[in-house]
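In my numbering, the protein residues as written are 85 to 239.
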């Protein structure tokens, strides 16, 4: 498995995989409902902006020449903290037909190594509270709960 930094020619692949991830998250909260009917109607401007943002990078997860997922990472800093430099896994998606083959674990291991190489203090990731599979995956990968985000619809 390798991580290939996404470029201009990969925007469609990123959008399609993001759409799959976003629609899967709809089941976990009404606040996750997306406005797009299909991946073809999702604009690529969000991922395009990442190309010029030094703090955010998208990678394709490639195994044996086949793209099997993607990951978006963002570096940041909390200057008020003694240990404030972090790498945040914003998106991590492995295609359904390639799950449980070790790719997610390999991505997390690579992100951990990247965070160390970049002199980060910690690695963060978030997932939907009701997504038991994701919570179990991250817990098994050594992540510990640190903070809970609450949301309140304003309807």
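Beta carbons: idealized from backbone N, C-alpha and C, even for Gly. Note that the coordinates shown come from a computational prediction; the quantities given were computed from them, not determined experimentally.
Next item on the list: Compare the Cα-Cα distances from residue 141 to each of 163, 151 and 175 and report the closest residue.
Entry: 175
Next item on the list: Please name the residue, chosen from 125, 105 and 184, that lies closest to residue 116 on a Cα-to-Cα basis.
Entry: 105
Check: If we count the other Cβ atoms within 10 Å of its Cβ and call it buried at 16 or more, is residue 200 buried or exposed?
Finding: exposed
Next item on the list: Classify residue 233 as helix, strand or coil using the three-state DSSP reduction.
Entry: coil
Item checked: Cβ neighbours of residue 204 in the same chain (closer than 6 Å, five flanking residues each side left out) -> 169, 170 and 171
Notebook entry, point to check: How many Å lie between residue 102 and residue 154 at the Cα?
Noted result: 8 Å
Notebook entry, point to check: Is the beta carbon of residue 145 sitting closer than 8 Å to the one on residue 191?
Noted result: yes
Next item on the list: Rank 130, 148 and 125 by C-alpha distance to the C-alpha of residue 92 and give the top, closest one.
Entry: 130
Notebook entry, point to check: Taking contact to mean at least 3 C-beta pairs separated by less than 8 Å, is the stretch 158-167 in contact with the stretch 118-133?
Noted result: no
Item checked: Close beta carbons around residue 212, own chain, < 8 Å, minus the five adjacent residues each side -> 109, 112, 113, 116 and 218
Next item on the list: Could you round the C-beta distance between residue 198 and residue 173 to whole angstroms and report it? I think they count as a contact, below 8 Å.
Entry: Not really, about 10 Å apart at Cβ, beyond 8 Å.
Next item on the list: Take residue 230 and list the residues in its own chain whose beta-carbon comes closer than 6 Å to its own, dropping the five residues that flank it on each side.
Entry: none
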